[in-house]
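Colleague: Take any residue in the sequence shown, note its place counting from 1, add 7, and you have its number in the numbering used here.
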Amino acid sequence: MPEDWEARYGFRPVLLETFVDTRRFLGTCYRASNWVQVGDTQGRGKLDRYNAYREPVKSIWLKPL
Numbered sequence: 008m009p010e011d012w013e014a015r016y017g018f019r020p021v022l023l024e025t026f027v028d029t030r031r032f033l034g035t036c037y038r039a040s041n042w043v044q045v046g047d048t049q050g051r052g053k054l055d056r057y058n059a060y061r062e063p064v065k066s067i068w069l070k071p072l
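(1) Look up Phe26 in the DSSP assignment and give the residues it is bridged to.
(2) List the endpoints of the continuous beta strand (DSSP E) containing Val45.
(3) Taking the alpha-carbon of Leu69 as reference, which of Gly46, Arg19, Thr29, Leu23 has the nearest alpha-carbon?
(4) Using only alpha-carbon positions, find the residue among Ser40, Val64, Gln49 that is nearest to Asn58.
(5) At which residues does the alpha helix (DSSP H) containing Tyr16 begin and terminate?
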């Protein structure tokens, strides 16, 4: 996958990132495929300007390539 990305966009990624809604899922498939859980979000959306915690907290998973 890094080679395909580099051919298309001109740079090679070094890791993948994903977010898991822990209200619905445990991240079992990520753990089984050697992703690393590095923490949790704060529950704020990316467009939040008012420091309001309106979104669900999600766990953050990384996969080094």
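For glycine and all other residues, C-beta sits at the position ideal for the given N, C-alpha and C. Nothing here was measured: the structure is a model prediction, and the numbers come from that model.
Modeller: Reading from the atomic positions:
(1) Residue pairing by DSSP places Phe26 opposite Ile67 in a beta bridge.
(2) Where Val45 is concerned, the enclosing beta strand (DSSP E) starts and stops at 43-47.
(3) Here the closest residue by C-alpha is Leu23.
(4) Comparing Cα-Cα distances from Asn58 to each of Ser40, Val64, Gln49, the minimum goes to Gln49.
(5) Where Tyr16 is concerned, the enclosing alpha helix (DSSP H) starts and stops at 9-16.
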